[in-house]
Structures are given as structure tokens and as C-alpha cells.
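Enquirer: For the sequence shown, the residue numbers in mature numbering (1 follows the signal peptide of the UniProt record, and there is no 0) are -22 to -1, 1 to 236. All residues carry an ideal CB built from backbone N, CA and C; glycine is no exception.
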Amino acid sequence: MKKVVLSFLIVAHLFVSALTLAQEKLISITTGEYPPWSSSKYKHGGFIHHLISEVFRRQGYQVNYIYHIWARNYKEGKSGKHHATAFWYYSEERAKYFYYSDALYSEKIVFFHLKSIHFSEWETLDDLVGFTIGATRGYTYTKAFWDAHASKKLNIVPSNSDTLNFRMLLKKRTDIFIMDLVAGKSLLSQEFDSAQVQQITYNPIPLATRTGHLLFPKVRSDSLELLKQFNQGLASMKKDGTYDELYNMLLKGDYTKP
């Protein structure tokens, strides 16, 4: 009888140890919809999630993504409820609460507009006075851009999604809409018909060229180690060419194909 009990205790201990180890290797990341970079509807969750998952896989971790609106992502990420939040531009405000990973990608933030709207040359935010500008809540863009909104220097109309912003553009409720170039083109091709897409163009002069990052909350004791592991894995992917392979999949639209 004692042998049976002892055997049971050993098996139970091994099971609990294995379960604990598995839980320790599972990474919880809060994220949101930002096609074509990330989407719960895409293969592998899109380029960004495919990249992050592959980086952590190389380091011996599995990733679970939790989708929310971006404002909630930031709040839950800041609280340390999750191991990390993906993915964000750099800002001094966020740097108070998060450790930033090495850059995941680079993107140009441009202004989309109807072809019927005259919007050609511009250099500073002062040149945007007089335009009704669409923007998406929770996005960074630049500090100067949102400061101009707060001071009412610019007529910026925030909406809850990029899709809604494009609809407002088509209905002429806004004149220009600020968005990442690659993501904007992808969204137009997927959510709007060809007649609508033909009405829209963009100004090639970027408001900013930004890099996206995975953020690790400073309130968590394991964040610095996870940051180190992630940056090592990301560097190895860029070195062996895997990063370029995934990025080419993004450009070819492979993540959106059924």
C-alpha cells in the first residue's frame, strides 16, 4: 500500500512540475486588429504575430494572443496583466511604463485623401490648417499631431477604427486621413470595392517614419529576461534570412489568402 501511495505521489509531483513548466513557457500578449500587420482573421495572425511567435518559439516559448481595442491593450499591458503588448511606436510616455524590444518593422505614416481633394505639397502641421483630418483613437502617430488636436490648432476628428475613417473620407466628412501606408493599402483592397478604392490616393510625404515594437511592462519581474530572450531570437531571424521571408509573405499578401 505504501508503495502505491508513494508511486502516486511521485506521478502527481511530476505532473504538477510539468504543468508548472508549461505555464512558465506560455507567453500572454495583448494585441489588436491592425491589418495587414496583425489580425485574428489572418494566417498566423498576420506578419507581426507570426514574427513574434517564431521569435519566442526559437527561445522555447509559446505565445497566446488576446485581442482588444487598442486603448484597452495599453491599459492591460501597463498593469502587467500580460507578459507583453504588441505592437507600438515609441513614445516618451509609454517608455515610463514599458521596456521596448528591438524594432519589429518600419512604416511610413501618410495622409490618404480623395483624388478630388487638392492636397499636394505640405511640410509642417501648420500646412494642415483648414483640413478636416481623420484619425484613429489609441494610435500614436506623433506627439505634435495629438498636441495640435488638444490645442484645437488642427481640426482632427478621431474615430474608433481605420475602416470607419476611410468611410468618412468617402462620404467627404473628412478631407484627409492619417494611416500607415502598407496597412492603408491593404485595408482598402480588402474592405472596399474597386470603385471606392479608385477614388482614394495618398500623399507620399510622410508625417513620420516609425518603428513598431513589442512592449514589456516594467511592473513585471520577468520582463527584462523576456526582453533579452526576444531580442536574441529576433536578431537570429534577421541574420539567417527568416525575417525577410516572413516580410515578403506580407508584401505578397500571403497572410490574407484563404
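Spell out a yes or no on whether the segment 82 to 100 and the segment 187 to 203 are touching, meaning 3 or more CB-CB pairs, one atom from each, closer than 8 Å.
Expert: The answer is yes - the segment 187 to 203 touches the segment 82 to 100, with three or more Cβ pairs under 8 Å.
Enquirer: So, does the segment 66 to 73 touch the segment 156 to 166, judging by three or more C-beta pairs under 8 Å?
Expert: Counting Cβ pairs under 8 Å, fewer than three are found: no touch.
Enquirer: Could you give the DSSP three-state label for ILE44: helix, strand or coil?
Expert: It is a strand residue.
Enquirer: If you follow the beta strand (DSSP E) that TYR83 is part of, which residue opens it and which one closes it?
Expert: Start and end: 83 to 92.
Enquirer: Would you mind working out which of ILE30, ILE47 and ALA49 sits nearest GLN40, comparing C-alpha positions?
Expert: Checking every option, the nearest Cα to that of GLN40 belongs to ILE30.
Enquirer: Whole beta strand (DSSP E) runs in the segment 144 to 168 with 3 or more residues, listed along the chain?
Expert: Taking only runs of at least 3 residues, the beta strand (DSSP E) segments lying wholly in the segment 144 to 168 are 154 to 158.
Enquirer: Which stretch, first to last residue, makes up the beta strand (DSSP E) that contains ILE178?
Expert: Unbroken beta strand (DSSP E) run through ILE178: 178 to 195.
Enquirer: Would you mind giving the Cβ-Cβ distance between TYR119 and LYS196, rounded to the nearest angstrom? I have them listed as a contact below 8 Å.
Expert: Their Cβ separation, rounded to whole angstroms, is 24 Å, which puts TYR119 and LYS196 out of contact at 8 Å.
Enquirer: Taking THR102 as the reference, give the member of ILE183, LYS217 and HIS96 with the closest Cα.
Expert: Cα-wise, what sits closest to THR102 is ILE183.
Enquirer: Hey, THR114 and ASP80 are a contact pair by Cβ (cut 8 Å); roughly how many whole angstroms apart?
Expert: Their Cβ separation, rounded to whole angstroms, is 26 Å, which puts THR114 and ASP80 out of contact at 8 Å.
Enquirer: When you compare the CB positions of PHE90 and MET227, do they come within less than 8 Å of one another, or not?
Expert: No, Cβ-Cβ distance for PHE90 and MET227 is not below 8 Å.
Enquirer: Of the residues GLU99, LYS150, SER98 and ASP105, which one's Cα is nearest the Cα of GLY112?
Expert: The shortest Cα separation from GLY112 among GLU99, LYS150, SER98 and ASP105 belongs to LYS150.
Enquirer: Which value, in whole angstroms, describes the spacing of the CA atoms of HIS127 and ALA161?
Expert: Going from the Cα of HIS127 to the Cα of ALA161 covers about 23 Å.
Enquirer: Look up SER79 in the DSSP assignment and give the residues it is bridged to.
Expert: The partner list for SER79 (beta bridge, DSSP) is empty, contrary to what the question assumes.
Enquirer: Where does SER164 land, buried or exposed, given buried means 16+ other C-beta within 10 angstroms?
Expert: So SER164 counts as buried.
Enquirer: From LEU166 to LEU147, what distance separates their C-alpha atoms?
Expert: So the alpha carbons of these two residues sit roughly 12 Å apart.
Enquirer: With TRP124 as the anchor, note down where its alpha helix (DSSP H) starts and where it stops.
Expert: Taken as a continuous stretch (DSSP letters only), the alpha helix (DSSP H) holding TRP124 covers 121 to 128.
Enquirer: What whole-angstrom Cβ distance do HIS191 and TRP66 have, given they're in contact under 8 Å?
Expert: Confirmed, Cβ separation roughly 6 Å.
Enquirer: Starting from GLY112 and walking both ways along the beta strand (DSSP E), at which residues does that stretch end?
Expert: Note, GLY112: beta strand (DSSP E), 110 to 114.
Enquirer: Comparing C-alpha positions only, which one of ILE178, LEU229 and GLU32 sits nearest to ILE5?
Expert: Of the listed residues, the one whose Cα sits closest to ILE5 is GLU32.
Enquirer: I need the straight-line Cα distance from HIS61 to LYS235, nearest angstrom please.
Expert: Between HIS61 and LYS235, the C-alpha separation is close to 30 Å.
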